[in-house]
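**Student:** Residues -18 to -1, 1 to 275 (mature numbering (1 follows the signal peptide of the UniProt record, and there is no 0)) are what the sequence shown spells out, left to right. We put the CB at the ideal spot given by N, CA and C, even for glycine.
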Amino acid sequence: MTRVLSLLLLSTLGLAHAADPISFNVATGSPTGTYSAMFRNIGQVCAQSAYLKERGTGGSLDNIDLLMNNEVSLAFVQSDVLKAREQIDQDPRMASIKALLPLYDEEIHLFAKPPVTSKSFLGKTTVTGVQTFGDLKNKRVAAWGGSVITAKVLSAKLAVPYSIVPVKDQPAAFAALNAGQVDAVLAVIGQPAPWVKELSGVQLVPVPFSPPLNGIYTAAKLRYPNLSVSSVPTVAVQSVLVTRDFKTPDKKEKLLAYKKCAVGKLVNLQEDEGMHPKWQQVTFKTWPWSEYK
């Protein structure tokens, strides 16, 4: 009898273990960021996302490292970060990175304190502060995550030299701005960003689109009534959900099922109440990066 019970117990445990779903970690970013919101949105319409677990990170730079170090199976990243890792760092591991879902454009947000106007004893008026991208010359710009790479690329492409001050996150960047430790903050995030909508005491600085940015960035506009009564010109970079070229049959099957569901539910993602507005830009069309198939 004892032997029968033992066999039944082992059998039950074996079945329970076999039924345990395989779970994959997905690197997103800040819990208030667009990556996190869109990951949760897919989870609302796709049962295939039940085995995916969100991992909060510092953004694109952390995400691509986590993916290549086999700590996550999927990662949300900026395409300029991918290109920089491939073309500038020449990391051979980038050959294994594949696009699962091409996503939306992320706008470059450049923040600075409002300009200060002063008048000299002789009546000459002087305006100091950052009002244009060119005003960043020889200034200090705070950035975090993938925005650090974007800040470097824009400085080189637009021929405006400035010092980049890497910081931990958005609160640290604005603490540095308020303390006068930096002259501007550069952040790459899909609008409308909740934390940007709550800002005050800063201005959005235009970022011009010019031919050197072709192939990486596109022209865009920022619309935040709390910071500007009119739209502010800027540039944007495409984001993408990437994975590695996994060959394990079960893993590949689940990743492709997740992809198929997201593509098939695009209308729901674009039209259901509560979904992030950025879904309205998404087409899931292929882009210049190898696709996971």
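1. Measure from the alpha carbon of residue 13 to the alpha carbon of each residue in 243, 218, 59, 177, then state which is nearest.
2. Is residue 57 near residue 159, with beta carbons less than 9 Å apart?
3. Pull up the DSSP beta-bridge partners for residue 79, would you.
4. Mark residue 137 as exposed unless 16 or more other C-beta atoms lie within 10 angstroms of its C-beta, in which case mark it buried.
5. For the candidate residues 193, 170, 216, whose alpha-carbon lies nearest to that of residue 151?
6. Since residue 273 and residue 80 are thought to touch, with beta carbons under 8 Å apart, how far apart are those beta carbons, to the nearest angstrom?
7. Apart from the five residues on each side of it in sequence, which residues of its chain come closer than 7 Å, Cβ to Cβ, to residue 42?
8. Buried or exposed: which applies to residue 115, given that a residue is buried once 16 or more other Cβ atoms fall within 10 Å of its Cβ?
9. Find the nearest neighbour of residue 209 within the set 75, 162, 92, 149, judged by alpha-carbon distance.
10. Do you know how far the Cα of residue 113 is from the Cα of residue 218?
11. Does residue 242 come within less than 9 Å of chain C when only Cβ atoms are used?
12. CA-CA distance, residue 259 and residue 89?
13. Based on Cα-Cα distance, which residue from 51, 262, 38 lies nearest to residue 174?
**Tutor:** Walking through what the data contain:
1. Walking along the sequence shown from the start, residue 13 turns up at place 31. The residue with the shortest Cα to Cα distance from residue 13 is 177.
2. Counting from one through the sequence shown, the residue named residue 57 turns up at place 75. Counting from one through the sequence shown, the residue named residue 159 turns up at place 177. Cβ atoms of residue 57 and residue 159: not closer than 9 Å.
3. For the purposes of this step, residue 79 is taken as the residue at position 97 of the sequence shown. The partner list for residue 79 (beta bridge, DSSP) reads 226.
4. On the sequence shown, position 155 is the one that residue 137 refers to. So residue 137 counts as buried.
5. For this step, residue 151 is matched to residue 169 along the sequence shown. When only C-alpha atoms are compared, the closest one is 170.
6. The sequence position of residue 273 within the sequence shown is 291, counting from 1. The sequence position of residue 80 within the sequence shown is 98, counting from 1. With 8 Å as the limit, residue 273 and residue 80 qualify as a contact, their Cβ atoms being about 6 Å apart.
7. Along the sequence shown, one-based indexing puts residue 42 at 60. Answer for residue 42: 59, 60, 63, 127, 128, listed in chain order.
8. Counted from its first residue, the sequence shown places residue 115 at position 133. With 16 or more Cβ atoms within 10 Å of its Cβ, residue 115 is classed as buried.
9. Start at 1 with the first residue of the sequence shown, and residue 209 comes out as number 227. Among 75, 162, 92, 149, the Cα nearest to that of residue 209 is on 92.
10. Looking up residue 218 in the sequence shown gives position 236. Looking up residue 113 in the sequence shown gives position 131. Residue 218 and residue 113: Cα-Cα distance of roughly 19 Å.
11. Checking the listed chains, one finds no chain C in this structure; it contains a single protein chain.
12. The count along the sequence shown starts at 1 and reaches residue 259 at position 277. The count along the sequence shown starts at 1 and reaches residue 89 at position 107. Those two C-alpha atoms are separated by around 14 Å.
13. By 1-based counting over the sequence shown, the position of residue 174 is 192. Among 51, 262, 38, the Cα nearest to that of residue 174 is on 262.
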